[in-house]
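Following my numbering, the numbering of the sequence shown begins with 5 at its first residue and continues without gaps.
So the structure is just underneath, and the comments pick up after that.
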Amino acid sequence: MQVAEVVVDVAALHTPFSYAIPDVMLDSVKVGTKVKVPFGKRIDYGWIVEIRESNGESDRKLKEITKSVSSGPASDVVELCIAASKLWGCSAAQFLKLASPKVNIRTKLDRGPVGLDQKGYQQYTYGERAGVIWEAPNFDEASWVHSLFEFHRSSARSIIVVLPNESRVGGLYARLLELGIEALRYPEDYQKIDGDPRVVLGSRSAIVASVGQLGAILLVDACDPSMRDQRSPYWEAWRLAKLRSDISGCDLMLLGSAPPIDALNKELRQRSLERGRYTSGWSASVSYSRLIDLEGDQFKKIGEYRSIAAGIAKRSEYPLDFEMAVIHNQKGFTSQLVCQACSSIQLCEACGSVVHGVAEAGINPLRSRVESLRSKVVVDELYCAKCHATRPVVCMKCASRRIRPRRSGIDRLGPTLEGVLSEPVASISRETRDHPQSKVVLGTEALLYRDLSAAVVVFLDFDDFSFSLTIERAPRATYLYSRASKLVSRSKGLVVIQHSGSGDQIRESLEAKDIRSIYRSELMNRKEVGLAPYRFFAKITGKKAQLYADQLSLRSSPQNADNEVVEMGKDYFLLRANDEQGLISSLQAATRPSAGVRIEMSPRSL
Numbered sequence: 005m006q007v008a009e010v011v012v013d014v015a016a017l018h019t020p021f022s023y024a025i026p027d028v029m030l031d032s033v034k035v036g037t038k039v040k041v042p043f044g045k046r047i048d049y050g051w052i053v054e055i056r057e058s059n060g061e062s063d064r065k066l067k068e069i070t071k072s073v074s075s076g077p078a079s080d081v082v083e084l085c086i087a088a089s090k091l092w093g094c095s096a097a098q099f100l101k102l103a104s105p106k107v108n109i110r111t112k113l114d115r116g117p118v119g120l121d122q123k124g125y126q127q128y129t130y131g132e133r134a135g136v137i138w139e140a141p142n143f144d145e146a147s148w149v150h151s152l153f154e155f156h157r158s159s160a161r162s163i164i165v166v167l168p169n170e171s172r173v174g175g176l177y178a179r180l181l182e183l184g185i186e187a188l189r190y191p192e193d194y195q196k197i198d199g200d201p202r203v204v205l206g207s208r209s210a211i212v213a214s215v216g217q218l219g220a221i222l223l224v225d226a227c228d229p230s231m232r233d234q235r236s237p238y239w240e241a242w243r244l245a246k247l248r249s250d251i252s253g254c255d256l257m258l259l260g261s262a263p264p265i266d267a268l269n270k271e272l273r274q275r276s277l278e279r280g281r282y283t284s285g286w287s288a289s290v291s292y293s294r295l296i297d298l299e300g301d302q303f304k305k306i307g308e309y310r311s312i313a314a315g316i317a318k319r320s321e322y323p324l325d326f327e328m329a330v331i332h333n334q335k336g337f338t339s340q341l342v343c344q345a346c347s348s349i350q351l352c353e354a355c356g357s358v359v360h361g362v363a364e365a366g367i368n369p370l371r372s373r374v375e376s377l378r379s380k381v382v383v384d385e386l387y388c389a390k391c392h393a394t395r396p397v398v399c400m401k402c403a404s405r406r407i408r409p410r411r412s413g414i415d416r417l418g419p420t421l422e423g424v425l426s427e428p429v430a431s432i433s434r435e436t437r438d439h440p441q442s443k444v445v446l447g448t449e450a451l452l453y454r455d456l457s458a459a460v461v462v463f464l465d466f467d468d469f470s471f472s473l474t475i476e477r478a479p480r481a482t483y484l485y486s487r488a489s490k491l492v493s494r495s496k497g498l499v500v501i502q503h504s505g506s507g508d509q510i511r512e513s514l515e516a517k518d519i520r521s522i523y524r525s526e527l528m529n530r531k532e533v534g535l536a537p538y539r540f541f542a543k544i545t546g547k548k549a550q551l552y553a554d555q556l557s558l559r560s561s562p563q564n565a566d567n568e569v570v571e572m573g574k575d576y577f578l579l580r581a582n583d584e585q586g587l588i589s590s591l592q593a594a595t596r597p598s599a600g601v602r603i604e605m606s607p608r609s610l
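Structure (structure tokens):
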């Protein structure tokens with residue numbers, strides 16, 4: 005009798021269960037097969053992760069597998085899913101679901117000869133395992149895929165190309181069809197992908213696609229927020245791709261102008277193209293100070309931008325989705341405060357974070373904050389949410405007391421912009437699905453993530469990004485600027501940056517196209533304060549976080565003395581470690597409650 009170790013599709017269960025394989029299924033199941041198994045009083049789905057011989061009497065009472073559902077992922081992908089579950093402290097079922105085909109069909113593809121241009125300036129970067137490739141934002145993804153396709157074509161190896169969202173996947177897919185390159189989309193082409201294709205395209209879940217001989221994984225713009233799962237276990241695409249590269253022995257390339265800052269470690273080699281080609285791959289840009297150039301009116305030059313956009317669109321050789329895209333990263337009221345006299349954002353004296361208005365003691369701080377925004381009056385004093393310092397309602401730059409919340413978001417700015425330009429203005433946010441027909445659009449940063457084109461992109465206030473409170477502030481601002489450059493690249497258009505006029509190293513470096521200096525400064529700051537990639541964190545929250553944190557503290561030993569559990573608040577703890585492997589070992593060594601605990605590796609906010 006043979007026994008299968010099955011990972012049951014229950015999120016709270018992290019260990020596989022043993023089931024007997026019926027004799028009629030011995031030839032039809034393998035490692036990775038998706039099955040139905042009895043679990044308690046119900047029947048659940050599961051995946052076979054190991055097949056072994058029976059140990060004798062102890063296995064005779066095991067329940068049998070009920071049904072074989074589909075062929076499931078390949079054995080190397082099963083190994084990847086198990087390794088990922090250990091890294092992110094979750095059930096392997098969460099990754100196995102992404103890797104499972106919908107139908108039990110294997111299709112071999114007819115590979116005919118394809119005539120392609122043999123030139124490929126990117127080829128020198130291949131064949132060196134894992135690496136970060138610094139590329140200008142206006143690069144053509146299809147050129148990289150073409151070059152990668154030619155490099156691995158002789159060895160009949162497949163490549164997986166991962167992009168941030170389906171909009172960009174569709175654009176690259178159409179471009180590859182024009183070049184005559186065979187490409188399949190994941191997960192739409194489950195059964196064909198299981199048949200060993202050459203090129204697989206998809207969003208982050210394509211990393212777990214089952215292919216034959218895998219030659220390389222190409223991640224485009226791994227810094228994009230879509231490359232990180234927004235729900236538990238919060239896994240990141242580049243880390244999962246690095247795991248698969250280690251398991252499969254294939255190449256890994258993180259391609260983009262703003263790589264994830266955690267990826268700049270000793271394990272990933274950094275490579276860049278020549279300086280002249282890199283700097284020429286950025287679109288033209290111009291910046292204006294709201295205080296000096298705009299005299300406090302954010303729409304003062306909007307008509308001028310509109311005229312420039314119309315001229316560029318008229319001369320463009322390609323049809324454009326929009327003529328002008330205005331970026332403002334607020335949907336409703338904004339919580340940042342600005343001085344009406346000097347237009348400076350109000351920051352904390354102690355830590356430099358953005359301060360907020362609070363009311364008198366005894367009143368709900370959240371309600372008082374909302375009330376102050378609605379009435380456009382700061383009630384009592386300014387409060388820093390980061391270091392809890394307070395100060396009077398006085399501008400630290402000019403001593404004025406005329407401090408008010410900044411303007412409203414795109415919901416309220418849309419009608420205002422329509423009045424200024426005397427033409428329809430469409431609003432685009434993350435929830436927008438239909439493609440607007442207006443020549444001018446107003447949107448949040450979600451507009452930049454789409455595969456669109458425009459003549460002019462205007463950041464109404466770039467301080468929204470360069471002065472944000474997130475620890476990913478520098479890479480995020482760099483990436484959004486690069487996406488704006490990409491949007492206007494086809495039309496050879498213009499990127500306009502409006503800002504408060506205060507000193508900002510990130511913005512100044514972006515204008516000089518000196519991206520490396522932003523990352524050097526950010527890495528230096530992270531080393532001083534102890535953030536990734538120099539120290540590693542796990543965020544532990546939930547009703548039973550206290551219980552799990554106590555277990556972690558008890559498990560501390562001289563061998564992992566560098567690990568530390570810090571209480572950050574009610575049901576909120578941080579586990580800190582000097583290396584990632586030590587962090588993972590500590591999490592696995594402690595007894596974890598079956599429910600009531602959520603673990604986030606490498607959290608974006610502390």
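Where a beta carbon is used, it is the ideal one built from N, C-alpha and C, also for glycine.
Cβ-based neighbour list, residue i, same chain, cut-off 8 Å, excluding 5 preceding and 5 following
i, result
"residue 177", "187, 189, 205"
"residue 230", "168, 169, 207, 208, 453"
"residue 2", "Any property of residue 2 remains undetermined from this structure, which presents the chain solely from 5 to 610."
"residue 22", "7, 8, 9, 10, 63, 66"
"residue 54", "8, 9, 20, 35"
"residue 599", "16, 548"
"residue 576", "543, 544, 545, 549"
CB-CB length for residue i against residue j, believed under 8 Å
i, j, result
"residue 452", "residue 331", "7 Å"
"residue 221", "residue 166", "7 Å"
"residue 247", "residue 84", "6 Å"
"residue 97", "residue 13", "5 Å"
"residue 579", "residue 569", "6 Å"
"residue 283", "residue 496", "With a Cβ gap of about 15 Å, residue 283 and residue 496 do not count as contacting."
"residue 482", "residue 522", "6 Å"
C-beta contact flag for residue i and residue j at 8 Å
i, j, result
"residue 501", "residue 466", "yes"
"residue 446", "residue 414", "yes"
"residue 586", "residue 554", "no"
"residue 69", "residue 25", "yes"
"residue 287", "residue 499", "yes"
"residue 139", "residue 259", "yes"
"residue 313", "residue 267", "no"
"residue 291", "residue 515", "yes"
"residue 239", "residue 92", "yes"
"residue 294", "residue 357", "no"
"residue 470", "residue 510", "yes"
"residue 261", "residue 486", "yes"
"residue 391", "residue 354", "yes"
"residue 320", "residue 459", "yes"
"residue 491", "residue 456", "yes"
"residue 444", "residue 327", "yes"
"residue 329", "residue 461", "yes"
Own chain residues within Cβ distance below 6 Å of residue i, not counting five before or after
i, result
"residue 71", "40"
"residue 117", "Confidence at residue 117 is low in this model, with a pLDDT of 33, below 50, so its placement is unreliable and the value that follows should be read with caution. Around residue 117: no qualifying Cβ."
"residue 161", "217, 219"
"residue 102", "209, 212"
"residue 472", "none"
"residue 605", "92, 542"
Chain-order list of residues whose beta-carbon lies under 7 Å from that of residue i (same chain, five-residue window excluded)
i, result
"residue 381", "Summary for residue 381: the model assigns pLDDT 47, below 50, so the residue's position carries little reliability; its value from the coordinates is reported in the next sentence. Once the five neighbours on either side are set aside, residue 381 has no close Cβ partner at all."
"residue 156", "163, 219, 220"
"residue 607", "541, 543"
"residue 582", "539, 566"
"residue 43", "12"
N-terminal and C-terminal residue of the alpha helix (DSSP H) that residue i is part of
i, result
"residue 85", "79-92"
"residue 98", "97-100"
"residue 174", "170-183"
"residue 2", "Only positions 5 to 610 of the chain appear in this structure, which leaves residue 2 out of reach."
"residue 408", "No alpha helix (DSSP H) contains residue 408, which is instead part of the beta strand (DSSP E) from 407-409."
"residue 282", "279-283"
C-beta neighbour in chain B for residue i, strict 8 Å
i, result
"residue 138", "The structure shown contains no chain B; it is built from a single protein chain."
Extent of the continuous beta strand (DSSP E) to which residue i belongs
i, result
"residue 469", "First-last for residue 469: 467-470, but that is the alpha helix (DSSP H), not the beta strand (DSSP E)."
"residue 42", "38-43"
"residue 461", "460-463"
"residue 189", "188-190"
- Where in the segment 511-584 do unbroken runs of the alpha helix (DSSP H), each at least 4 residues long, occur, reported from the N-terminal end onward? 519-533, 549-558
- In chain order, each beta strand (DSSP E) run of at least 3 residues that lies wholly inside the segment 303-358: 328-331, 341-343
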